[in-house]
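Undergrad: Quick mapping for you: the protein sequence lines, in order, are chains L and S. Everything in the first sequence is counted per full-length UniProt numbering, starting at 1 for the first residue and increasing by one. Everything in the second sequence is counted per full-length UniProt numbering, starting at 1 for the first residue and increasing by one.
2 protein chains.
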Amino acid sequence: MTKYNNTKYALLGLLTTGCRTGYAIKQMIDTSLNHFWKISYGQIYPTLKQLVEDGLATVKETSQEGRPKKEYFLTPKGELALQAWLQSPIKEIPAEKNKLLLKLFFGRHQSNEDTTKQLENYQQELQKRYETYEEIEKMITSHKNEEADATYWLFTLDYGKRMTIAAMEWCEDTIEKIRNWKDDS
Amino acid sequence: MTKYNNTKYALLGLLTTGCRTGYAIKQMIDTSLNHFWKISYGQIYPTLKQLVEDGLATVKETSQEGRPKKEYFLTPKGELALQAWLQSPIKEIPAEKNKLLLKLFFGRHQSNEDTTKQLENYQQELQKRYETYEEIEKMITSHKNEEADATYWLFTLDYGKRMTIAAMEWCEDTIEKIRNWKDDS
DNA sequence: ACAGTCATGTAAGACGTTACATGATTGA
DNA sequence: TCAATCATGTAACGTCTTACATGACTGT
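#1: I need the straight-line Cα distance from glutamine 87 of chain S to lysine 99 of chain L, nearest angstrom please.
#2: Looking only at C-alpha atoms, which of L/Leu119, L/Ser142, L/Thr47 sits nearest to leucine 12 of chain L?
#3: Thinking just about the alpha-carbon of each residue, which of S/Met1, S/Ala167, S/Met28, S/Leu80 is nearest to the one in isoleucine 140 of chain S?
#4: Is it buried or exposed, tyrosine 41 of chain L, if we count other Cβ atoms within 10 angstroms and call 16 or more buried?
#5: Which of the three DSSP states is assigned to glycine 122 of chain L in this structure?
#6: With distance defined between alpha-carbon atoms, name the residue in L/Ser142, L/Lys97, L/Thr2 nearest to glycine 55 of chain L.
#7: For chain L, is any of its Cβ atoms less than 8 Å away from the one on asparagine 112 of chain S?
#8: Hey, how far is the Cα of lysine 69 of chain S from the Cα of threonine 62 of chain S?
#9: State whether the stretch 70 to 81 of chain S contacts the stretch 9 to 24 of chain S, with contact taken as three or more CB pairs (one from each stretch) at a distance under 8 Å.
#10: Need the endpoints of the alpha helix (DSSP H) that threonine 58 of chain S sits in, please.
#11: Is methionine 163 of chain S closer than 8 Å to residue 198 of chain L when the C-beta atoms are compared?
#12: Taking the straight line between their C-alpha atoms, what separation do you get for valine 59 of chain L and leucine 82 of chain L?
#13: Flag this pair as touching only if the stretch 102 to 109 of chain L and the stretch 91 to 109 of chain S have three or more C-beta atom pairs under 8 Å; answer yes or no.
#14: Going by the beta-carbon positions, is the gap between tyrosine 152 of chain L and arginine 179 of chain S smaller than 8 Å?
#15: Taking 8 Å as the cut-off, decide whether the C-beta atoms of glutamate 120 of chain S and isoleucine 175 of chain S are in contact.
#16: I'd like the ranges of any alpha helix (DSSP H) spanning at least 4 consecutive residues and lying wholly in the UniProt domain "Transcription regulator PadR C-terminal" (97 to 178) of chain S.
#17: For tyrosine 130 of chain L, I'd like the list of residues in its chain whose CB is within less than 8 Å of its CB, leaving aside the five on either flank, ordered along the chain.
#18: Can you tell me whether DSSP reads tyrosine 41 of chain L as helix, strand or coil?
#19: Please identify the residue among L/Trp85, L/Ser142, L/Lys26, L/Thr7 whose C-alpha is closest to the C-alpha of glutamine 50 of chain L.
#20: With distances taken Cα to Cα, identify the nearest neighbour of glutamate 125 of chain S among S/Gly18, S/Glu53, S/Trp85, S/Cys171.
#21: Could you check what DSSP says for lysine 3 of chain L in three-state terms: helix, strand or coil?
#22: Hey, how far is the Cα of lysine 117 of chain S from the Cα of valine 52 of chain S?
#23: Does leucine 74 of chain L come out as helix, strand or coil in the three-state DSSP assignment?
#24: Could you list which residues in chain S have their beta carbon closer than 9 Å to that of threonine 75 of chain L, in chain order?
#25: Alpha carbons only, please: which of S/Phe155, S/Ile44, S/Thr115, S/Asn112 is nearest the one belonging to tyrosine 23 of chain S?
#26: Report yes or no: is there a C-beta of chain S within less than 8 Å of the C-beta of methionine 163 of chain L?
#27: Closest to alanine 137 of chain S by CA distance: which of S/Ala84, S/Asp158, S/Gly18 is it?
#28: Quick check: what's the CA-CA separation for aspartate 30 of chain L versus cysteine 19 of chain L?
#29: Check whether the Cβ atoms of leucine 15 of chain L and alanine 84 of chain L lie closer than 8 Å to each other.
#30: Quick one, which of L/Ile25, L/Leu33, L/Trp181, L/Lys26 has its alpha-carbon nearest leucine 154 of chain L's?
#31: Taking the alpha helix (DSSP H) that glycine 22 of chain L belongs to, which residues open and close that run?
#32: Is the CB of arginine 108 of chain L under 8 Å away from at least one CB in chain S?
Structure representation (structure tokens):
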């Protein structure tokens, strides 16, 4: 049994949300987890295979004459592994890599116009992201009675929305600061 | 000339801040860029070598009898490369991986007490981080006249501080929501 | 004398993406 | 008929961390 990282536990968890195939899991990730966890097919399929090998999940091949399909189910052992992982404390908050901040850090080598241009562009991207969040929120809210998970999903979305708003406000203020600063010098 | 990624440009940029050796660069990263970009020695030394090979930097070996030391300097070509990269627009905001959100997403499999315990722990980590930011801020502000970069560095720090505050507020509110929700059911 | 800092470097492996290959089913 | 979707999978590559090895200099 190879070492288990967070991505493997993410897949373990996703098998409890009604996703059964690698394809369905990928779709779920792309819609609901996209703002805090991404996983590609290159990870999904080999990892599902591993979960079975380690006895944390089982497969049921429902291929009917040439059309491949594998449905995965958590075993009791898998459910326990998931719970144990949930319990384990988070030691350090990982520093996200942020291209915009990296560029801003070296802003001295750029004109103020170009710097504000970057900031404005970033702000627009944030706005788009916010709108995506709102759409996902509607989706989850409308299916709420079906999904026991919905409340938790809305918590993570709320985080995304709040962070996005805070980032947009920072953009706004920083653009303003740079403009005034330029007028001074 | 191999492909250039952001980390390579980060090193290019750091050579403009007075850092001359791989060691000095590492220190700078660990103090001032730590909240949005991390680089390990395993990347730093090979990359510096590459920058020289590609003509973006030069080395001056100042090893005096057995004590190794290599000082790096940007070439005009390197300065141009840095500026071109700064100019290039940022297409998409990368989604940071967030362990806490990942666990919260699967919160249904955990007791409310355990979930709030995780949130409280995270909040404490955020508080620590905020204090670190305040210390770095003091450091930068006190050396402000020496560093032409200081204004930009403070912008990135401001971002970090604001995001941290927003995250702490979210923690607070989410803990409250879970407590009330439990009382209801 | 010795701990801490300054300083360089590499090898193994973990982690993840991208691009490709394949083919059935469904609906317009 | 043809595009979109459902569905599985891998190989190559890029990126990065960890752990290790080495040794001089500095201050107590």
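By construction, the Cβ of each residue, glycine as well, lies at the ideal position given by its N, Cα and C atoms.
TA: Quick look at the numbers:
#1: Inter-residue distance for glutamine 87 of chain S and lysine 99 of chain L is about 12 Å (C-alpha atoms, whole angstroms).
#2: It is L/Thr47.
#3: S/Met28
#4: exposed
#5: Note on residue identity: the sequence assigns tyrosine, not glycine, to residue 122 of chain L. Three-state DSSP puts tyrosine 122 of chain L in a helix.
#6: L/Thr2
#7: no
#8: 5 Å
#9: yes
#10: Taken as a continuous stretch (DSSP letters only), threonine 58 of chain S belongs to no alpha helix (DSSP H), being part of the beta strand (DSSP E) at 57 to 61.
#11: Nothing about residue 198 of chain L can be reported from this structure: the residues present for chain L run from 1 to 185 only.
#12: 18 Å
#13: no
#14: no
#15: Yes, the Cβ-Cβ distance between glutamate 120 of chain S and isoleucine 175 of chain S is below 8 Å.
#16: 99 to 105, 112 to 142
#17: Contacts found: Lys161, Thr164, Ile165, Met168.
#18: Three-state DSSP puts tyrosine 41 of chain L in a helix.
#19: L/Thr7
#20: Of the listed residues, the one whose Cα sits closest to glutamate 125 of chain S is S/Cys171.
#21: coil
#22: 50 Å
#23: The answer is strand: DSSP assigns leucine 74 of chain L an E or B state.
#24: Going along chain S, no residue has its Cβ under 9 Å from threonine 75 of chain L, so there is no contact; the nearest lies around 14 Å.
#25: S/Ile44
#26: yes
#27: What sits at residue 137 of chain S in the sequence shown is glutamate, not alanine. Looking at the Cα atoms, S/Asp158 is the closest of the given residues.
#28: C-alpha separation (whole angstroms): 13 Å.
#29: In this structure, alanine 84 of chain L does not lie closer than 8 Å to leucine 15 of chain L by Cβ.
#30: L/Leu33
#31: 22 to 28
#32: yes
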